[in-house]
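Here the structure is laid out as structure tokens; the discussion comes afterwards.
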Amino acid sequence: MAFNDLREWVDDLEERKELKRIRAQVDWDEEIGAITREVSSQFGPALLFENITDHQRGFCQRLFTNGTGTRERVCRFIGVPESTTYREMVPILKERFSRPVKPVTIARGAVKENKIAGADIDLFQLPVPKWNPLDRGRYIMTSATVVTRDPDTGVLNGGTYRGMITGKNTIGVLLAMTQGWGKHFSKYKNRGEEMPVAVVIGWDQTLFLAASTPVNYPEYEMAGSLRGAPVEVVKGELSDLLVPASAEIVLEGFVSAEPSTFTLEGPFSEYPGYYGGGKSPKHTLRVECITHRSDPIFHGCLTGASPGRTNEGTTWTPATFSAMAWHYLEQAGVPNITGVWRGKWPETMRVQIRKSHRGHAQQVANALWGCHLGNYAAKHVIVVDDDIDIHDWEALEWALCYRVNAGLGDISYFAGTSGSMLDPSVPLEERNSVKYGHGSWTRVLIDATINWQLQPQEQYGGNRYPAVGTAISSEMAERLKKRWSEYGF
């Protein structure tokens, strides 16, 4: 089913006893983040904080988080059975990401119920947490959708990018030129113009998924496909940008290329599980208008994940990234892809193929590294044959141990590529997004398919590898099946 807005999702969660209303007073300064971290790491309920220090009064008093905190919940709002596994989810998402549903523009929506402009704007009135102990400040853009428009083509982009409150009407942002809004920003900069921006806070969770995935169609169209119904949008107050009609809060403003407008932002606990994007002058969104529903709900989330500690995004980003990677590989003409899986972190991607030619694995890696999904993913690519289960680490380890021989060219490096500016294994200077537009990676391909340089072995039917020595014959398997209870089992 399609949920019309965030409130319908909250009601559904509460009805299913998957929502925890926290009425005890909690502090926005670390306490909300700490509670969320503990609950999220246990795959616990969605959380609605209703008594936040310094925010018991004012136009926004509530904060919602962890709404996508389990696989079952993700299945429900994309309209598939809750029993759907990740293995099954990837091809479903792949199909939907290839089937856009255009948004519908309407005259007016609930997000227009209230308007704040000019000197009345004070972002500190919103119950924005300081999520983590060493965050520089209060990060208002964590699960928001940042909407921009290409000034040449008119195509909208909606992405999830981080932003920290740096003043009553300013948000310091991490603006990478390789991302959707970064490409738009470069065009505005070349024109000598500021870029209009609309920040959508709180709507149907399918938009959160689409905006956080490097999709191939505009994010509203992808959210429409995921939810099975078009996104209803209205025109912004300051520009021709479109925003969901029933969003909770929309911030509108402009980003300038002029360094004098930059504000200090970072560090922030980022997706690798480390603090990233350290304190430095960053591009800044100047907010000139806020529209919101009456009694709006602020929506935010944690981002970082480490072994044993997680966040809600890890329940779906592996599946969405894997689906898009598979889609890009097919678009690039790479044949015989039989599976793709990205684990908890995007840097390592596993691809299963039915090998048809020498260099097949290299073709896979080059296609992934050449698409925009590669901005934050596929630093390490592992390619295996179709008899290796990419969802089973034991099977992968077996392939890495016995089908990889570096001396035969099974490991390849590609240096000097664009890569994540949030990867702490990269020298600090190379992570300067303002100077370089993004970070820098040396990428690695591990070809864990059977190497065709190996000689066929006659005693094993002309195969390059010997028979698997742990198998039992079919005849003996049938005998055991008949006599198993006789053996005393």
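According to numbering that gives the first Met the number 0, the sequence shown is numbered sequentially starting from 0. Glycine residues also receive a C-beta, built at the ideal position from the N, C-alpha and C atoms.
- Listed as beta-bridge partners of Thr-35 by DSSP are no residues whatsoever.
- Per the Cβ contact rule, the region 314-330 is in contact with the region 87-98 (3 or more Cβ pairs under 8 Å).
- If one requires a minimum length of 4 residues, the alpha helix (DSSP H) runs lying completely within the region 24-79 are 30-40, 70-76, in chain order.
- Taking all protein chains shown into account, Arg-226 has 16 or more neighbouring C-beta atoms within 10 Å of its C-beta and is therefore buried.
- Taking a cut-off of 8 Å on C-beta distances, the region 29-48 touches the region 56-68, as three or more cross pairs fall below it.
- His-356 counts as exposed, since fewer than 16 other beta carbons sit within 10 angstroms of its beta carbon.
- The alpha carbon of Glu-231 has as its nearest neighbour, out of Leu-479, Phe-2, Tyr-270, the alpha carbon of Phe-2.
- Distance between Pro-465 and Gln-456, taken at the CA atoms: about 7 Å.
- For the region 215-282, the continuous alpha helix (DSSP H) assignments of 4+ residues that do not extend past its boundaries occur at 218-226, in sequence order.
- With contacts defined by Cβ atoms closer than 8 Å, Ile-31 and Pro-150 do not form a contacting pair.
- Secondary structure note for Tyr-85: its alpha helix (DSSP H) is the uninterrupted segment 85-95.
- A distance of 8 Å or more separates the beta carbons of Ser-417 and Leu-444.
- In this structure, the alpha-carbon of Asn-189 lies about 31 Å from that of Ala-331.
- At least 8 Å separates the beta-carbon of Tyr-375 from that of Ser-439.
- Secondary structure at Lys-354: coil, using DSSP grouped into helix, strand and coil.
- Judged by DSSP secondary structure, Met-140 falls within the beta strand (DSSP E) whose first and last residues are 138-140.
- When secondary structure is reduced to three states using DSSP, Asp-151 falls in the coil class, being assigned neither helix nor strand.
- Inter-segment contact for the region 184-198 and the region 212-219 is absent: fewer than three beta-carbon pairs are separated by less than 8 Å.
- Val-25 has its alpha-carbon roughly 19 Å from the corresponding atom of Asp-294.
- The bridge partners DSSP lists for Thr-169 are Gly-166, Arg-285.
- In this structure, Leu-372 keeps its C-beta atom at 8 Å or more from the C-beta atom of Glu-269.
- Here Val-145 is actually not in contact with Val-79; their C-beta atoms are around 28 Å apart, not less than 8 Å.
- Between Thr-169 and Arg-341, the CB-CB gap reaches or exceeds 8 Å.
- Take the alpha-carbon of Gly-252 and the one of Ser-238: they are about 9 Å apart.
- Sequence-distant partners of Thr-212 (beyond 5 residues in either direction) whose C-beta falls short of 7 Å from its own C-beta, in its chain, are Thr-319, Phe-320, Met-323.
- Counting the other CB atoms within 10 Å of its CB gives Tyr-486 a total below 16, which places it among the exposed residues.
- Remark: C-beta atoms of Phe-297 and Pro-280 do not approach each other more closely than 8 Å.
- Distance between Asp-446 and Gly-460, taken at the CA atoms: about 24 Å.
- Separation of the CB atoms of Val-333 and Gln-362 is rounded to 5 Å, and the pair is thereby assigned contact status at 8 Å.
- Rounded to whole angstroms, the separation of the alpha carbons of Gly-162 and Ser-259 is 18 Å.
- Taking 8 Å as the upper bound for CB-CB distance, Ala-143 and Thr-159 are in contact here, some 7 Å apart.
- Minimum Cα-Cα distance from Phe-58 among the listed residues Glu-13, His-183, Asn-113 corresponds to Asn-113.
- Shown here, Val-145 sits in a strand according to DSSP, grouped into three states.
- When the beta-carbon positions are compared, Ile-389 and Gly-436 stay at least 8 Å from each other.
- By the neighbour-count criterion, in which 16 or more other beta carbons inside 10 Å mark a residue as buried, Thr-469 falls on the exposed side.
- DSSP, reduced to helix, strand and coil, places Met-420 outside both helices and strands of the structure shown, so it counts as coil.
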